[in-house]
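Following my numbering from start to finish, the sequence shown increments by one per residue and tops out at 304.
Quick reminder that beta carbons are idealized off the backbone N, C-alpha and C, glycines included.
Being a predicted model, the structure only gives us computed values, none of them experimental.
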Amino acid sequence: MKLTDKLSQSKKTLFSIEILPPLKGKSIQSIYDSIDPLMEFKPAFVDVTYHREEYVYKKREGGYLEKVSIRKRPGTVGICAAIMNKYNVDAVPHIICGGFTKEETENALIDLQFLGVDNVLALRGDSIKTEPQFVPEPGGHHYALDLVKQIAGMNKGQYIDDEMKHAEPTNFCMGIAGYPEKHFEAPNLYSDIKWLKAKVDAGAQYIVTQMFFDNKKFFEFVQICKENGIDVPIIPGIKMITQKKQLTVLPKIFHIDIPVDLYKEIEACKDDKQVKEVGIKWAIMQCKELVKQQAACLHFYTMGTSETTRRVASEVF
Ligand code: FAD
């Protein structure tokens, strides 16, 4: 079912989760173990992230280094199919530009259509860890906007081979990413919102936000979106802090701020057991306010564990 239909039909705030494929060589059981305890909250959908290749240097005979491309977390599409089959819940694969030519994207979307996947989250993807900036695949997309246009085109039956006649249109409901604290490459929020609006105008139907710890920033973002004519549902992304080191790691990786009050509380913790309790308490406070303000859905970044999400959800839903 299309997420936008679910969102518009529901009278209350929905619950959803994001999971990561397991590391290559690990069993899918870890995914089931992280979803099972959350099924009581009836997730409206389960997002599955996409992880592109990384380069590592392997030492070879004679001491020289060989640059090798590896994908540590493959399996996004297979996991989506497995989740839909096992739980009868909508799974949403993340589709990224990085590492894909347009034709590979088209073929991946055909697979998803055949599997009965109704929703996709269209993203640019981050740069490869060893590259300073995002480099598109030759013949691939530079921005998520171009990917959104490709998917919107396929939804109208437009494939790369424009000589194809009477091609079956796909029927994807398409989400995109939004950044209440601005995407780190954008010169300012104005320009970031301009491109966000371009993606919505091109066919994106809902937005899922980057994590944030200050609801005020989310409410301001929603207001700015509205003022700029972005009228699709905006789903807040929720993350629980569980370790002290995340005070520096999260801002570095996700380009978000930790509010002073939260920072002070975590700083005062003796160990990560205490940090986890602070993180859970903070997320409950955030979620309760978001529900009060009629957020359409709360989207939890579970990072492969269910305990903290379950504790927050049981207080909120
Ligand atoms: P874009 O919309 O392409 O924006 C990138 C930057 O370019 C922004 O600064 C924007 O303002 C600017 N811009 C956009 N369009 C144009 C244009 N046409 N011309 C000039 N400038 C433009 N990454 C993964 O690799 N895998 C995942 O599974 C994944 N899941 C995510 C889920 C969510 C909810 C979020 C918020 C992020 C996720 N990411 C994931 C990270 C995401 O891929 C990165 O944040 C990436 O750097 C930007 O992706 P985007 O889709 O927002 O890019």
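Check: I think Ile222 touches Tyr193, with their Cβ atoms under 8 Å apart; what is that distance to the nearest whole Å?
Finding: 6 Å
Item checked: Residue from Glu150, Trp182, Ala139 whose Cα sits closest to the Cα of Ala164 -> Trp182
Note to self: Please identify the residue among Gly65, Ile147, Gln233 whose C-alpha is closest to the C-alpha of His81.
What the structure shows: Gly65
Checklist line | Status (buried if at least 16 other CB within 10 Å, exposed otherwise) for Leu10 | finding: exposed
Checklist line | Cα-Cα separation between Leu(-6) and Thr92, rounded to whole angstroms | finding: 27 Å
Check: So is the beta-carbon of Gly216 under 7 Å away from any non-hydrogen atom of the ligand FAD?
Finding: no
Item checked: Option in Tyr166, Gly162, Met161, Met141 with minimal Cα separation from Ala154 -> Met141
Checklist line | Validate contact between the segment 197 to 207 and the segment 142 to 150 using beta carbons, cut 8 Å, 3 pairs | finding: no
Margin query: Quick check on the DSSP output: the beta strand (DSSP E) that includes Thr196 runs from which residue to which?
Written below: 193 to 198
Margin query: Checking 8 Å against the spacing of the C-beta atoms, do Val55 and Tyr37 come in under that value?
Written below: no
Margin query: Between Phe2 and Ala300, how many whole angstroms is the CB-CB distance? I'm expecting something under 8 Å.
Written below: 6 Å
Check: With Ile217 and Val187 assumed to form a contact (beta carbons below 8 Å), what rounded beta-carbon distance in angstroms separates them?
Finding: 5 Å
Notebook entry, point to check: What is the rounded straight-line gap between the Cα of Glu5 and the Cα of Ile15?
Noted result: 15 Å
Item checked: Cβ shell of Ile211 (< 8 Å), same chain only, five flanking positions each side left out -> Leu176, Ile180
Margin query: My output table needs one value for Phe171: the three-state DSSP class, helix, strand or coil.
Written below: coil
Check: Does the ligand FAD have a heavy atom nearer than 7 Å to the CB of Trp269?
Finding: no
Check: Alpha carbon to alpha carbon, how far is Gly144 from Asp258?
Finding: 56 Å
Notebook entry, point to check: For the 8 Å Cβ check, are there 3 or more pairs between the segment 283 to 303 and the segment 241 to 256?
Noted result: no
Check: Any heavy atom of the ligand FAD within a distance shorter than 7 Å of the CB on Glu172?
Finding: yes
Margin query: Pull the bridge partners of Glu5 from the DSSP assignment, please.
Written below: Asp34, Tyr288
Item checked: Where Asn85 falls, given that 16 or more other Cβ within 10 Å makes a residue buried -> This sequence places Gly at residue 85; Asn is not what is there. It is buried - the Cβ of Gly85 has at least 16 other Cβ atoms within 10 Å.
Check: Who are the near neighbours of Gln100 in its chain, counting only those whose CB is closer than 6 Å to its CB and skipping five residues on each side?
Finding: Thr157
Next item on the list: Give the secondary structure of Ile267 by DSSP, where H, G and I count as helix, E and B as strand, and everything else as coil.
Entry: helix
Margin query: Going by C-alpha to C-alpha distance, which of Ile70, Met161, Arg39 sits closest to Pro123?
Written below: Arg39
Next item on the list: Could you have a look at Met71 and say whether DSSP puts it in helix, strand or coil?
Entry: helix
Check: Which residues bound the alpha helix (DSSP H) around Ser311?
Finding: Residue 311 falls outside the range modelled here, since the chain spans only -12 to 304, and no answer is possible.
Check: Which residues in the same chain as Pro220 place their Cβ atom closer than 6 Å to its Cβ, once the five residues preceding and following it in sequence are excluded?
Finding: Leu(-6), Tyr193, Ala283
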